[in-house]
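Here is the structure we will look at.
Number of protein chains: 2
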Amino acid sequence: MNNTININKSILSDHDQQAKLLEEEFKKNNIFVINWVSSPGAGKTELLSVLSKQLISLNYKIGVIVGDLATDNDAQRIKISGAQAYQINTNGNCHLEVNMIRKALNHLNWLSLDYLFIENVGNLVCPANFYLGENLRIVLMSVTEGEDKPLKYPSMFNSSNICIISKFDLKDAVNFNQEVALKNIISVNPDIRIFTLSSKTQVGLKEFIVELAKYRMISE
Amino acid sequence: MNNTININKSILSDHDQQAKLLEEEFKKNNIFVINWVSSPGAGKTELLSVLSKQLISLNYKIGVIVGDLATDNDAQRIKISGAQAYQINTNGNCHLEVNMIRKALNHLNWLSLDYLFIENVGNLVCPANFYLGENLRIVLMSVTEGEDKPLKYPSMFNSSNICIISKFDLKDAVNFNQEVALKNIISVNPDIRIFTLSSKTQVGLKEFIVELAKYRMISE
Chain A
716 MNNTININKS
726 ILSDHDQQAK
736 LLEEEFKKNN
746 IFVINWVSSP
756 GAGKTELLSV
766 LSKQLISLNY
776 KIGVIVGDLA
786 TDNDAQRIKI
796 SGAQAYQINT
806 NGNCHLEVNM
816 IRKALNHLNW
826 LSLDYLFIEN
836 VGNLVCPANF
846 YLGENLRIVL
856 MSVTEGEDKP
866 LKYPSMFNSS
876 NICIISKFDL
886 KDAVNFNQEV
896 ALKNIISVNP
906 DIRIFTLSSK
916 TQVGLKEFIV
926 ELAKYRMISE
Chain B
716 MNNTININKS
726 ILSDHDQQAK
736 LLEEEFKKNN
746 IFVINWVSSP
756 GAGKTELLSV
766 LSKQLISLNY
776 KIGVIVGDLA
786 TDNDAQRIKI
796 SGAQAYQINT
806 NGNCHLEVNM
816 IRKALNHLNW
826 LSLDYLFIEN
836 VGNLVCPANF
846 YLGENLRIVL
856 MSVTEGEDKP
866 LKYPSMFNSS
876 NICIISKFDL
886 KDAVNFNQEV
896 ALKNIISVNP
906 DIRIFTLSSK
916 TQVGLKEFIV
926 ELAKYRMISE
């Protein structure tokens, strides 16, 4: 067992070095990169579709890299928004890694992008450990998942800069307790910024886009 | 990289051997074991609570082992049903393994159980590869997650015997397309049995319990 752990550690450290190099390239080319994480079905693809559409209407150039174990459904859905999109199939891998992102970039006209969105594999555990050179990590938590998820998956909420409480239009249907949810999120990460948002009704989307633009300005 | 893959393979094979031994002990003691898997927030804990309560009222002895990265919230919730429950904290591990189950059994009066429920870590990827000596693997897919999850996480649906479409009371609120969902589930696993169920309204629970009893009888 010890051998495995040591080998994995050295891979991880090499991985982080590669991520750092990629981060520098993103910075040099003025590309603002967001790594989107959540459990399966929290609404990442839907949000990226409506968000891309809005940002494109503001003349930003958007690229999306989507990771899934199988299918290219999500990339197809996102392309409808007008964004460039490329699907990575991880073939069983539970998270994206830097070498996958590098290969995917070759399929996008990436140097011209203003925003690059990386939609990670739907998984609240594994992607937490893999930095992909992003400016922001955003975790989605849908109201239907229950208020306790930050406590049960602390590493994901701890390593994220922003938490979006998604599918907010369903909050009454599922008796979502916002106060408890906020308390739980903050208890594992006091520095995290929290937004509530519905991709369906688009309530909360405009406020989020304004904040995103601020983050981008600060990073320049 | 090859080294890591080989070492992991040998661990997995040793793991499967251990699972086989555990399976024999379960069988010898006439304990029907179910490994419950799903993405975070699909409703495993809620279903196990109402299911345990019903089975206890029918004089069955129920034990539940719950796996989470952190907290013992779920075990506490399940204990209210009257079931014995023990919480495993995986400290970052994305799935349960046989050695964890063995240790957890020591905290239950397990030889007297009729049903042992293992609530795996909420994750649609990693638990698929780890057999825990169970009679049945049941995957929950809530209507709020979207109909495409079987296609995107095929290994989990492929390795399960039963799929429960959960939170079925919310199907209209989220425009759940049952026909598409069934088609997707069957396309990755033609042999899977499918149930629709709401833990909240308990619609579908009785039918499921009857079927569970049949599975148990067949296994004896």
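These protein sequence lines are chains A and B, in that order. Start counting the first sequence at 716; every next residue gets the next number (the numbering used here). Start counting the second sequence at 716; every next residue gets the next number (the numbering used here). Note that beta-carbon positions come from the ideal geometry of N, C-alpha and C, so glycine has one too.
Assuming residue i and residue j are in contact, meaning their beta carbons sit under 8 Å apart, how far apart are those beta carbons, in whole angstroms?
i      : j      : result
B/N750 : B/E849 : 4 Å
B/Q702 : B/I879 : The structure shown has nothing for residue 702 of chain B, since chain B only spans 716 to 935.
Does residue i come within less than 7 Å of chain A when only Cβ atoms are used?
i      : result
B/P865 : no
B/P842 : no
B/D783 : yes
B/T786 : yes
Should residue i go down as buried or exposed, given a rule of 16 or more other Cβ atoms within 10 Å for buried?
i      : result
A/N824 : exposed
B/S796 : buried
A/Q802 : buried
A/E812 : buried
B/K929 : exposed
A/I933 : exposed
A/D887 : exposed
A/L737 : buried
Within its chain, find whatever has a CB closer than 6 Å to the CB of residue i; leave out the 5 residues flanking it on each side and keep chain order.
i      : result
B/P755 : G837
A/Q733 : V813
B/A800 : V779, A790, I793 and K794
B/P865 : F872, N899, I900 and V903
A/V895 : E862
B/F741 : V748 and G848
A/D829 : Y775 and K776
A/V781 : D789, A790, Q802 and E834
Just to confirm, is the Cβ distance from residue i to residue j under 7 Å?
i      : j      : result
B/F872 : B/N904 : yes
A/K776 : A/S827 : yes
A/A757 : A/S870 : no
A/F747 : A/R908 : no
B/D783 : A/K898 : no
A/L847 : A/I816 : yes
A/N804 : A/A785 : yes
A/S767 : A/K759 : no
B/L927 : B/G919 : no
B/L773 : B/F832 : no
In chain order, what residues of the same chain lie with their CB nearer than 7 Å to the CB of residue i, ignoring the 5 residues before and after it?
i      : result
B/E761 : S914
B/T859 : K882, L885 and V889
B/H810 : N835, V836, N838, C841, P842 and F845
A/H730 : E812, V813 and F845
A/V765 : S914, Q917 and L920
B/N892 : E862
Keeping to the same chain, check which residues put their C-beta closer than 8 Å to that of residue i; ignore five residues upstream and five downstream.
i      : result
A/I771 : I777, S796, G797 and A798
A/I853 : I749, N750, W751, V752, S875, N876, I877, C878 and I879
A/H691 : There is no way to answer for residue 691 of chain A, as the model of chain A reaches only from 716 to 935.
A/N806 : L784 and A785
So is residue i in contact with chain B if we call contact Cβ pairs under 7 Å?
i      : result
A/G861 : yes
A/P755 : yes
A/N899 : no
A/Q733 : no
A/P869 : yes
A/C809 : yes
A/N890 : no
A/L773 : no
A/N806 : no
A/N838 : yes
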